[in-house]
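One line per chain: the protein sequences are A and B, in this order. Numbering of the first sequence is given in the numbering used here, commencing with residue 138 and proceeding in unit increments. Numbering of the second sequence is given in the numbering used here, commencing with residue 75 and proceeding in unit increments. Structure, as structure tokens:
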Amino acid sequence: MELFAHGIPFAQRPKVTVNEFMKTAEIAEPVIRNVKNENVIQIPFGLLGFEQVKNYVLLSHPHEQPFMWLRMLDDSKQGFLVVSPFQVMPDYEPDIATEDVEYLGLNDPSDALVVNIVTLRNGGGATINLKGPILINRHTLVGKQVIPNNAARFETRHPLPVS
Amino acid sequence: MLILSRKPGESIVIDGRITVKVVRVDGDTIKLGISAPSEVPVHRQEVYDEIQKNNREALTHNQLSVPRLATGGRPAASPPLSVPPPAAVNPIQPKVIAPATRS
Chain A
138 MELFAHGIPF AQRPKVTVNE FMKTAEIAEP VIRNVKNENV IQIPFGLLGF EQVKNYVLLS
198 HPHEQPFMWL RMLDDSKQGF LVVSPFQVMP DYEPDIATED VEYLGLNDPS DALVVNIVTL
258 RNGGGATINL KGPILINRHT LVGKQVIPNN AARFETRHPL PVS
Chain B
75 MLILSRKPGE SIVIDGRITV KVVRVDGDTI KLGISAPSEV PVHRQEVYDE IQKNNREALT
135 HNQLSVPRLA TGGRPAASPP LSVPPPAAVN PIQPKVIAPA TRS
């Protein structure tokens with residue numbers, strides 16, 4: 138029997154090289170444990186403005202934590218710096234639309250890995266986009282950049298305290 | 075641009091699968107109900123534009139040096155993510171796009 142995740146056969150998932158696997162195996166956090174050939178994050182709708190790019194690799198290096206990289210699978214030089222919003226804003230509560238919850242197959246908040254895109258600004262500052270979080274189902278590794286129902290409360294350029 | 079006149083309760087159909095219905099007209103605010111397949115994302119234009127612009131600015135090369143996060147942020151014990159309970163999906167249920175409330 139062939140398994141399908143949102144119309145995409147698992148067998149067609151891009152394979153990850155051994156090197157990628159070793160890098161990802163170093164991840165302490167976040168808790169994506171089933172890394173073997175499954176650390177490719179599928180974002181079938183793409184990120185807003187990058188709708189054609191549907192496959193990413195989530196990478197975490199110990200010396201860069203809590204920041205992580207959401208790297209394009211097909212262009213290893215391009216990616217987005219991301220961070221768990223709860224690391225920087227413990228009271229962040231995006232109200233996720235029911236259709237997004239159902240699309241991602243989230244039965245419980247703990248099913249979701251939430252990361253937000255960080256922009257490094259000229260002059261050394263950094264901002265985090267709280268308006269468009271990326272939700273990833275930890276089990277299926279399918280993600281989506283969602284716009285929460287309460288997005289009007291959040292900024293796309295929320296200042297991050299970096300040094 | 076195709077321009078059509080519609081009254082409250084009337085709809086237009088796009089591509090045989092997307093329906094946009096005028097639910098209510100209240101002063102200068104029009105409430106629209108949009109029925110679309112789940113693979114068709116529907117966004118408010120200004121919010122979409124803002125996030126798209128931010129994503130483009132954020133795209134970068136991996137070799138960048140990553141700053142250190144100043145202390146003060148602490149990890150939450152569990153993500154206080156508000157996820158509504160799964161409900162039965164009615165594919166023809168219109169998504170009502172209410173006017174954005176800005177604080």
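Note that the Cβ used here is the ideal one computed from N, Cα and C, for glycine as well. The structure displayed is predicted, hence computed values, not measured ones.
DSSP state of residue i mapped onto helix, strand, coil
{"i": "Asn128(B)", "result": "helix"}
{"i": "Asp208(A)", "result": "A small fix is needed here, since residue 208(A) is Arg in this sequence, not Asp. Strand at Arg208(A)."}
{"i": "Glu163(A)", "result": "With a pLDDT of only 35 at Glu163(A), under 50, the local geometry of the prediction cannot be trusted, and the value read off the model is given with reservation. Coil at Glu163(A), not helix or strand."}
{"i": "Ser85(B)", "result": "strand"}
{"i": "Val114(B)", "result": "coil"}
{"i": "Val238(A)", "result": "helix"}
{"i": "Ala263(A)", "result": "strand"}
{"i": "Ser247(A)", "result": "helix"}
{"i": "Asp228(A)", "result": "coil"}
Interface residues of chain B facing residue i [CB-CB closer than 9 Å]
{"i": "Gln189(A)", "result": "By Cβ distance, chain B contributes nothing, its closest Cβ being about 13 Å from Gln189(A), past 9 Å."}
Extent of the continuous alpha helix (DSSP H) to which residue i belongs
{"i": "Gln97(A)", "result": "The requested residue 97(A) is not part of the displayed model; chain A covers only 138 to 300."}
Endpoints, beta strand (DSSP E) assigned at residue i
{"i": "Phe223(A)", "result": "Note, Phe223(A): premise wrong, no beta strand (DSSP E); alpha helix (DSSP H) at Pro222 to Val225."}
{"i": "Asp100(B)", "result": "Ile92 to Asp100"}
{"i": "Gly280(A)", "result": "Gly280 to Gln282"}
{"i": "Val299(A)", "result": "Counting along the chain, Val299(A) falls outside any beta strand (DSSP E), and DSSP gives it neither H nor E."}
{"i": "Val140(B)", "result": "Neither: Val140(B) is in no beta strand (DSSP E) and is coded neither H nor E."}
{"i": "Lys191(A)", "result": "First-last for Lys191(A): undefined, no H or E at that position."}
{"i": "Ile179(B)", "result": "Because residue 179(B) is not part of the residues shown, which for chain B are 75 to 177, the question remains open."}
{"i": "Asn274(A)", "result": "Ile271 to Asn274"}
{"i": "Ile178(A)", "result": "Val177 to Gln179"}
Residue burial classification, residue i (beta-carbon count within 10 angstroms, cutoff 16)
{"i": "Ser213(A)", "result": "exposed"}
{"i": "Ile254(A)", "result": "buried"}
{"i": "Ser197(A)", "result": "buried"}
{"i": "Asn128(B)", "result": "buried"}
{"i": "Met75(B)", "result": "exposed"}
{"i": "Lys173(A)", "result": "Residue placement at Lys173(A) is poorly supported in this model, since its pLDDT is 40, which falls under 50; the coordinates are not used for a value here."}
{"i": "Glu124(B)", "result": "buried"}
{"i": "Ile180(A)", "result": "buried"}
{"i": "Ile271(A)", "result": "buried"}
{"i": "Asn259(A)", "result": "exposed"}
{"i": "Pro222(A)", "result": "buried"}
{"i": "Leu207(A)", "result": "buried"}
{"i": "Asp319(A)", "result": "With chain A covering only 138 through 300, there is no way to say anything about residue 319(A)."}
{"i": "Leu267(A)", "result": "buried"}
Partners in chain B for residue i, counting only beta-carbon separations shorter than 8 Å
{"i": "Pro199(A)", "result": "Near Pro199(A) there are no residues of chain B at all, since even the closest Cβ is about 12 Å away, more than 8 Å."}
{"i": "Arg294(A)", "result": "Asn128"}
{"i": "Asn274(A)", "result": "Correct list: empty, because the minimum Cβ distance to chain B is about 11 Å."}
{"i": "Leu267(A)", "result": "Chain B residues near Leu267(A): none, gap ~10 Å exceeds 8 Å."}
{"i": "Ile254(A)", "result": "Asn128, Asn129 and Ala132"}
Partners in chain A for residue i, counting only beta-carbon separations shorter than 7 Å
{"i": "Ser112(B)", "result": "Glu236 and Tyr240"}
{"i": "Leu106(B)", "result": "Simply none; closest approach about 16 Å."}
{"i": "Leu51(B)", "result": "Only positions 75 to 177 of chain B appear in the structure, and residue 51(B) is not among them; the question remains open."}
{"i": "Val140(B)", "result": "Glu201, Phe204 and Leu218"}
Chain B contact residues for residue i, given Cβ-Cβ distances below 7 Å
{"i": "Gly186(A)", "result": "Gln126, Asn129 and Arg130"}
{"i": "Ile178(A)", "result": "Residues of chain B passing the Cβ test: none, with the nearest at roughly 15 Å."}
Where residue i meets chain A, residues with beta-carbon distance less than 8 Å
{"i": "Pro82(B)", "result": "By Cβ distance, chain A contributes nothing, its closest Cβ being about 24 Å from Pro82(B), past 8 Å."}
*If you pair each beta-carbon of the segment 78-96 of chain B with each one of the segment 227-237 of chain A, do three or more pairs fall below 8 Å?*
no
_Contact between the segment 113-126 of chain B and the segment 279-296 of chain A is defined here as three or more beta-carbon pairs at a separation below 8 Å; is this criterion met?_
yes
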